[in-house]
Amino acid sequence: MVALRKILPAAFVSLVVAYLYAPIAVIVIFSFTTSPRLSMPIEGLTLAWYANAFANPLISTALRNSLILAIISAVLSGAMGAAFAFWLVTLKRARVQATLLTASLMPAIVPLLVIGIALAVFFRGVGMQQGLLNAAIGHVLVSLPFVVLTMNARLETFDFSVLEAARDLGATPSRAFRDITLPLIRPSVIGAAMLAAALSLDEFVVTWFNVGNQQTVPVLVWGLMRRGIDPSINAIATVLLSVLVCLVIASNIINRKKVK
Amino acid sequence: MTAAVEIIGVRKLFGATTALERVDFEVGAGEFVSLLGASGCGKSTLLRIIAGFESPSEGRVRIHGEDVTNLPPERRPTNLVFQRGALFPHMTVRENVGYGLKVKGWERTRINDRVDEMLALVRLEGFGDREPDQLSGGQAQRVALARALASEPQVLLLDEPLSALDLKLRQQMQLELRAIQKRLGATFVFVTHDQTEALVMSDRIAIMNNGRIVQHGTPRDIYRRPKSVFVSNFIGATNLLRGTVASVENGRTFLQTGSGTHAIPATGSPLRVGQLMVLSVRPEAVRLQGEGARVSGLVTEIIYQGNNVRVGTRLDPDTIFWAEGRDDEFDGIAVGDTVALGWAEDAATILEDDGT
Chain A
199 MVALRKILPA AFVSLVVAYL YAPIAVIVIF SFTTSPRLSM PIEGLTLAWY ANAFANPLIS
259 TALRNSLILA IISAVLSGAM GAAFAFWLVT LKRARVQATL LTASLMPAIV PLLVIGIALA
319 VFFRGVGMQQ GLLNAAIGHV LVSLPFVVLT MNARLETFDF SVLEAARDLG ATPSRAFRDI
379 TLPLIRPSVI GAAMLAAALS LDEFVVTWFN VGNQQTVPVL VWGLMRRGID PSINAIATVL
439 LSVLVCLVIA SNIINRKKVK
Chain R
1052 MTAAVEIIGV RKLFGATTAL ERVDFEVGAG EFVSLLGASG CGKSTLLRII AGFESPSEGR
1112 VRIHGEDVTN LPPERRPTNL VFQRGALFPH MTVRENVGYG LKVKGWERTR INDRVDEMLA
1172 LVRLEGFGDR EPDQLSGGQA QRVALARALA SEPQVLLLDE PLSALDLKLR QQMQLELRAI
1232 QKRLGATFVF VTHDQTEALV MSDRIAIMNN GRIVQHGTPR DIYRRPKSVF VSNFIGATNL
1292 LRGTVASVEN GRTFLQTGSG THAIPATGSP LRVGQLMVLS VRPEAVRLQG EGARVSGLVT
1352 EIIYQGNNVR VGTRLDPDTI FWAEGRDDEF DGIAVGDTVA LGWAEDAATI LEDDGT
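Chains as they are written, first to last, in this note's numbering: chain A, 199 to 458; chain R, 1052 to 1407.
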């Protein structure tokens, strides 16, 4: 009985972890196996699927588009979100501040389907051709709330008296920003921008409604899947996964350095 | 004495609340002035108005004759030492102290010399390459002081810079600050809520309450001759006896209180017979007395403080009268004894009853 009481929780935890990671593990493993079909036992290991994937011009174009969108999201969301959050914490009225913060976070809980369709309808209304630009606008919209959220959390512990100290010692507001504010918040901004890039890289719904004939990695994979499972997809997914994991880990490490 | 800081009719409103009511005040060049008051009395607001971080709703601020009311902080000849130092966390001690000079465009070698001089002044030679988070609280405040003094401000403003330190360190820093101010001959305006700190350090104290300066003067002046019940309560402990003026004769006021009629040296404006006034006498001026005793009552409390003993005596159901003195003065007194107490006539002050 005693043994069972100890084993049961451990077994349950293992089951949950297996449930969370098994599909990912399967994809990663099969991106390296020689057999074109998902089958056990594994016959042999190969990097052929990676070579295949990168040789396919469709895939390399999709990868390039995805990177462009990720960079645009990182730069624009990072800059806009940081500036907005910074302005927000300097507001004196707590009620206005709380309302604006909530309002800026709302898009994060609006279903992506709604955002995707709404943007598509809007772009059509103003006569903008579907394409990468539309998708980029969508990506910034989707990642901005997360940037505002992380920046706001960091800035709540920011000691604004150091800015007053700089002014007091003779620095103009722009000099104080350059010498004091920027170096102090830079790690947080970079961390938040990397998060925005990660969100952009695997964004599918909003992209699909707005990107038109262009392909991004998630949209291309979705298209390829409809024609059957090609092990190259496993390879692409594994690459995407590695990039995302790196981005999220880096973002966490950078953000853990507190804004002093 | 020329005025280093002139505050002329300064008012400050924050929305509907008044932080400062028409303050007029002058700080002389080379003076160490403390603005003393409880939190929310307006002392920090007044300091921030001098520094330029708040602009007054009305009134002017002049520094050495020049009107600075509309100048931003970076263009004022003042520097501020912040409550918690506000050191730049991404710069070394050396870079912190030299920052103001760098902004002014000084040459690197000249900055280095000046920084060394400042670090020596606050006794932190050899700490130049430390990061702010490697400093103790006292060291951080010394760096903040060095940073503020580096560009030789005409007026140094200090916003409760010692309040985060423990008692021993605070007392040591009080003496150091005072010594540095004396050595430089600089003008210091020091904000504090700690009356002992103000008494120890200042040439002059301005006591603030509800956005006004209610009294200013030398520490001795303020302690010995408080002008109101508020001030006598705020600076040190005091015994208060409320009563009506019975008569005024030969420079003495006779105040009829619940515990007898007491003579007090007359000061200030002439009093009418029948006017409600308050007698104030410091506990340390009260002595056990056989003959010539003024009040008597039952001892209710004896508090041993090491160097001193405080004895509380109930005069009437509402009044506990405190006497304070050396341990041996109260030998043989126990709770429940009846004692007679007295004080020298000129140790008592007569005050208007301001209800506090």
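Glycine included, C-beta positions come from ideal geometry on N, C-alpha and C.
Is the distance from the Cβ of I1401 of chain R to the Cβ of T1289 of chain R below 9 angstroms? Result no, Cβ atoms of I1401 of chain R and T1289 of chain R do not sit closer than 9 angstroms.
Any C-beta of chain R under 9 angstroms from that of G368 of chain A: At least one chain R Cβ lies under 9 angstroms of G368 of chain A.
Could you compute how far the alpha carbon of I313 of chain A sits from the alpha carbon of V404 of chain A? 7 angstroms
For the region 258–305 of chain A, list the alpha helix (DSSP H) runs that are entirely contained and at least 4 residues long, ordered along the chain. Segments of the alpha helix (DSSP H) lying fully in the region 258–305 of chain A: 292–303.
Using a Cβ-Cβ cutoff of less than 6 angstroms, which residues in the same chain neighbour R1198 of chain R once the five nearest sequence positions on both sides are dropped? N1147 and V1148
What does the alpha-carbon distance come out to for the pair F1104 of chain R and H1267 of chain R? 24 angstroms
Can D1367 of chain R and G1309 of chain R be called in contact, C-beta distance under 9 angstroms? In contact: D1367 of chain R and G1309 of chain R (Cβ atoms closer than 9 angstroms).
Please check if any C-beta of chain A sits within less than 9 angstroms of the C-beta of P1212 of chain R. Output row for P1212 of chain R: interface = no.
May I ask you to list the residues that DSSP assigns as paired with T1370 of chain R? R:D1367
Quick one: is T288 of chain A near chain R, going by C-beta distance under 9 angstroms? No - not a single Cβ of chain R is within 9 angstroms of the one on T288 of chain A.
Should Y1150 of chain R go down as buried or exposed, given a rule of 16 or more other Cβ atoms within 10 Å for buried? Result: buried.
So F1239 of chain R packs on L1207 of chain R, CB below 8 angstroms; how close in whole Å? 5 angstroms
Scan the region 335–362 of chain A for residues whose Cβ lies nearer than 8 angstroms to a Cβ of chain R and list them as they occur along the chain. D357, S359, V360 and E362
Starting from L1131 of chain R, find everything on chain A with Cβ-Cβ shorter than 7 angstroms and list it in chain order. Those within 7 angstroms of L1131 of chain R in chain A are D366.
Considering only C-alpha positions, which residue in the set A:V215, A:A208 and A:A396 is nearest to A272 of chain A? A:A396
Suppose only complete runs of 4+ residues qualify. What are the alpha helix (DSSP H) ranges in the region 358–432 of chain A, listed by chain order? If we require 4 residues or more, the alpha helix (DSSP H) runs fully inside the region 358–432 of chain A come out as 359–366, 371–374, 380–399, 403–408 and 415–424.
What's the call for N450 of chain A, buried or exposed, on a 16-neighbour Cβ count within 10 Å? exposed
Please state whether DSSP places E1176 of chain R in a helix, a strand or coil. DSSP, reduced to helix, strand and coil, places E1176 of chain R outside both helices and strands of the structure shown, so it counts as coil.
What in chain R is Cβ-close to I378 of chain A, meaning under 7 angstroms? Chain R residues near I378 of chain A: F1139.
Nearest-angstrom Cα distance between L1410 of chain R and P1334 of chain R? Residue numbering for chain R in the displayed model covers 1052 to 1407; residue 1410 of chain R lies beyond these limits and cannot be assessed.
So which residues of chain R does R291 of chain A contact, with C-beta pairs closer than 9 angstroms? One finds nothing in chain R with a Cβ atom closer than 9 angstroms to the Cβ of R291 of chain A; even the nearest lies about 10 angstroms away.
At a Cβ threshold of 9 angstroms, is V1154 of chain R touching chain A? yes
For M1224 of chain R, the first and last residue of its enclosing beta strand (DSSP E): Premise fails: M1224 of chain R lies in the alpha helix (DSSP H), L1218 to L1235, not in any beta strand (DSSP E).
Skipping 5 residues on each side, what residues in its chain have a beta carbon closer than 7 angstroms to that of A1344 of chain R? In its chain, beyond the 5 residues on either side, A1391, L1392 and G1393 have a beta carbon closer than 7 angstroms to the beta carbon of A1344 of chain R.
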